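Note sheet for the following structure.
2 protein chains.
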Amino acid sequence: MADTTDETAETYDPARYERPSVTVDVVIFTLIDRELHVLLVRRKRWPYEGFWAIPGGFVQMHESLEDAARRELEEETGVRDIYIEQLYTFGDPDRDPRTRVISVAYFALVRADRQRLRVSDESLDVRWFPVREIPSPLAFDHDRILATALARLRSKLEYTTLAFELLPEVFSILELKHIYEQIFGEKLDKGNFYRKIKDAGVLEETGLLREGRGRPTRLYRFRRDRGDGQFVFRWREARIDADDSQEHHPSS
Amino acid sequence: MADTTDETAETYDPARYERPSVTVDVVIFTLIDRELHVLLVRRKRWPYEGFWAIPGGFVQMHESLEDAARRELEEETGVRDIYIEQLYTFGDPDRDPRTRVISVAYFALVRADRQRLRVSDESLDVRWFPVREIPSPLAFDHDRILATALARLRSKLEYTTLAFELLPEVFSILELKHIYEQIFGEKLDKGNFYRKIKDAGVLEETGLLREGRGRPTRLYRFRRDRGDGQFVFRWREARIDADDSQEHHPSS
DNA sequence: TCAATTAGTGTCATTGCAACAATAACTATA
DNA sequence: TATAGTTATTGTTGCAATGACACTAATTGA
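Protein chains in written order, with our numbering: chain D, 2 to 253; chain U, 2 to 253.
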């Protein structure tokens with residue numbers, strides 16, 4: 002707020018305060034060949050010329066933060082109407098050598114079947130990277146931003162239906178299981194997974210089958226309608242450490 | 002970041018972009034007479050003159066966001082070394098009628114025994130309000146900020162040891178239980194609470210007793226050392242809806 | 001027709017948890 | 001000075017969720 006407590010002393014005058022630049026950065030995840038990928042862009046000029054960075058841009062005076070994030074998202078991927086969520090705001094004074102830049106980071110999930118619409122695919126300066134092969138270090142404090150995004154993603158998969166935002170419209174239960182395994186980095190029991198996901202009632206049978214080497218796979222669709230419209234499925238109890246990287250405990 | 006993707010077209014020049022003002026607002030919680038309270042300040046001038054607001058102020062060019070939040074916190078309460086955590090960033094274009102103001106909100110927990118150090122207590126313009134008696138509406142979009150803070154607090158109590166940051170140095174198990182009941186808004190079973198908190202091993206017996214009407218209460222201290230230094234106690238499985246007020250799901 | 005392969009179901013013992021009953025250690029007052 | 005009242009603690013028990021793992025199903029390819 003522009004509501005300082007001791008406004009008694011000072012009259013509000015924007016010119017009195019030097020203003021930082023504000024940007025949004027969007028960490029965009031998708032699934033390619035069952036692997037989790039992130040979109041990065043290569044910087045063309047100083048600072049960090051040639052380094053990979055999380056896509057982002059300035060917030061215009063007339064647009065909300067989320068609008069700015071969606072605009073960036075669409076500029077990069079050509080996709081709209083996608084899951085997006087504010088992640089964290091990074092504002093260390095020296096994170097950008099040019100000037101004070103405060104960055105509001107978002108993270109977005111692009112569905113596996115939509116992401117093929119990626120615009121500048123052949124360009125060498127915009128690329129999907131598998132999360133296990135991120136070039137390091139990234140520009141600015143983007144390593145930290147990415148780490149925060151991954152932590153948030155992991156954390157949220159555990160108690161929300163976010164995983165469905167990564168899958169194509171129609172998918173199999175074992176594909177869903179694969180996502181969880183990928184992101185949690187641990188093997189899950191097939192049988193227990195089937196039972197749990199079925200009991201949750203978030204799946205709708207499509208009647209479709211997919212032929213393959215063995216027994217054909219039944220294909221499902223995610224039921225967006227369920228419950229009170231919000232999240233109704235929780236894979237397991239939330240973990241302790243997951244999303245808490247940014248907090249500060251008192252020393253005393 | 003100041004790293005727009007299409008920097009190809011444009012050279013970076015701060016002057017080309019109009020910059021918003023950036024403030025931090027700090028939602029400060031404490032426990033007074035076993036009740037959860039929030040600190041509010043009364044605005045002295047336009048806009049929202051006479052309305053209550055969450056304390057906050059401008060971010061200086063040289064300080065980090067968290068430093069700014071701590072500075073505000075100390076200005077209001079005289080307390081340092083307190084639990085503080087970034088909450089969310091609010092940046093709707095018209096949330097402040099004066100100019101574009103982006104506010105990075107924090108929330109802080111002040112221990113029950115420390116908060117008596119409050120500076121401007123007698124002042125009618127700075128007051129602790131019980132959370133159930135918040136004057137409504139608050140200035141700007143502060144109702145929303147406060148709601149977000151409360152949701153976060155509830156959510157985090159469930160899977161962290163945050164509750165201890167509200168209690169005095171030394172406390173009884175039933176006082177702790179009372180906090181949970183207050184914030185969750187539901188009764189908890191005495192016996193189960195005892196067992197659960199004891200098994201968690203986060204308490205250290207002080208040997209102290211407090212005399213009262215019935216059987217004297219054993220007093221405990223929170224063991225900050227435990228585990229990997231971080232959160233080791235989870236009251237119960239995290240809830241579904243809690244902290245998710247700010248997200249946006251795709252419509253498609 | 002029989003391995004190989006992928007999909008999906010059943011069983012069961014263990015654990016965690018909620019409900020609630022029982023006991024312990026005091027103070028107030030009749 | 002007993003007894004009722006009050007607050008603090010500990011025990012018991014049954015149900016439900018979960019994890020480990022064995023089993024059945026439906027297809028392809030040799």
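Backbone N, C-alpha and C define an ideal beta-carbon position, used for all residues, glycine too.
Keep in mind the model is a prediction, meaning the values are calculated, not measured.
Counting C-beta neighbours from all protein chains within 10 Å, is the total for residue i 16 or more, i.e. buried, or is it exposed?
{"i": "D/D254", "result": "In the structure as shown, chain D starts at 2 and stops at 253, and residue 254 of chain D therefore has no counterpart that could be examined."}
{"i": "U/K157", "result": "buried"}
{"i": "U/R214", "result": "exposed"}
{"i": "D/E166", "result": "buried"}
{"i": "D/G58", "result": "buried"}
{"i": "U/Y195", "result": "exposed"}
{"i": "D/R71", "result": "buried"}
{"i": "U/E159", "result": "buried"}
{"i": "D/P56", "result": "buried"}
{"i": "U/T24", "result": "buried"}
{"i": "U/A148", "result": "exposed"}
Thinking residue i and residue j are a contact (beta carbons under 8 Å), I'd like their distance in whole angstroms, please.
{"i": "U/I146", "j": "U/A164", "result": "Going by Cβ atoms, the distance from U/I146 to U/A164 rounds to 22 Å, so no, they are not a contact pair."}
{"i": "D/L88", "j": "D/V80", "result": "At roughly 18 Å, the Cβ-Cβ gap does not stay under 8 Å, so D/L88 and D/V80 are not in contact."}
{"i": "D/L139", "j": "D/W53", "result": "5 Å"}
{"i": "D/V203", "j": "D/R224", "result": "5 Å"}
{"i": "U/S65", "j": "D/D97", "result": "With a Cβ gap of about 13 Å, U/S65 and D/D97 do not count as contacting."}
{"i": "D/R101", "j": "D/P21", "result": "4 Å"}
{"i": "D/E76", "j": "D/L40", "result": "So it is not a contact: roughly 11 Å between Cβ atoms."}
{"i": "U/I85", "j": "U/A109", "result": "4 Å"}
{"i": "U/D256", "j": "U/A106", "result": "Outside the displayed range of chain U (2 to 253) lies residue 256 of chain U, so it cannot be described from this structure."}
{"i": "D/M62", "j": "U/E19", "result": "5 Å"}
{"i": "U/V28", "j": "U/A150", "result": "4 Å"}
Which residues in the same chain have their Cβ closer than 8 Å to the Cβ of residue i, if we skip the five residues on either side of it in sequence?
{"i": "D/D126", "result": "V42, R43, K45"}
{"i": "U/L168", "result": "L32, R112, A113, E176, L177, I180, F223"}
{"i": "D/G186", "result": "none"}
{"i": "U/K188", "result": "E182"}
{"i": "U/R211", "result": "S173, P217, T218, L220"}
{"i": "D/G228", "result": "With a pLDDT of 42 at D/G228, under the threshold of 50, the modelled position of that residue is not reliable, and the figure given next carries that caveat. Counting only Cβ-Cβ distances below 8 Å, and skipping sequence neighbours, we find nothing."}
{"i": "D/K191", "result": "L175, K178"}
{"i": "D/V171", "result": "T207, L209, L220, Y221, R222"}
{"i": "D/R99", "result": "P48"}
{"i": "U/T90", "result": "I103, S104, V105, A106"}
For residue i, collect the residues of the same chain with a Cβ closer than 6 Å to its Cβ; drop the 5 residues on either side in sequence, then sort them by chain order.
{"i": "U/E205", "result": "R222, R224"}
{"i": "D/F232", "result": "Summary for D/F232: the model assigns pLDDT 40, below 50, so the residue's position carries little reliability; its value from the coordinates is reported in the next sentence. Here the set comprises T161, T162."}
{"i": "U/D144", "result": "P138"}
{"i": "U/P131", "result": "E36, H38"}
{"i": "U/Y115", "result": "Just to set this straight, residue 115 of chain U is Arg in the shown sequence, not Tyr. Contacts found: V80."}
{"i": "D/G230", "result": "Model confidence at D/G230 stands at a pLDDT of 32, short of 50, so the residue's coordinates are unreliable; what they give is reported in the following sentence. The answer is none, since no qualifying residue turns up."}
{"i": "D/K197", "result": "none"}
Using a Cβ-Cβ cut-off of 7 Å (strictly less than) and excluding sequence neighbours within five positions of residue i, which residues of its own chain qualify?
{"i": "U/D95", "result": "none"}
{"i": "D/Y49", "result": "A140, F141"}
{"i": "D/G208", "result": "none"}
{"i": "U/A69", "result": "V25, V60, Q61"}
{"i": "D/R128", "result": "L41"}
Chain U contacts from the region 88-122 of chain D (Cβ-Cβ distance under 7 Å)
Hits within the stretch, in order: Y89, T90, G92, D93, P94, D97, R99, T100, R101, V102, I103, S104, V105.
Near-chain D residues of the region 165-183 of chain U (beta-carbon distance less than 7 Å), N- to C-terminal order:
none
Pull out every residue of the region 19-32 of chain D whose Cβ sits closer than 9 Å to any Cβ of chain U, in chain order.
E19, R20, P21, S22, V23, T24, V25, D26
Positions along the region 31-49 of chain U whose CB lies within less than 7 Å of some CB in chain D:
Cβ contacts with chain D: V42, R44, K45, R46.
Residues in the region 137-158 of chain U having any Cβ partner in chain D nearer than 8 Å
Cβ contacts with chain D come from A140, F141, H143.
Which residues, in order along the region 49-65 of chain D, keep a beta-carbon less than 9 Å from a beta-carbon of chain U?
Hits within the stretch, in order: Y49, A54, I55, P56, G57, G58, F59, V60, Q61, M62, H63, E64, S65.
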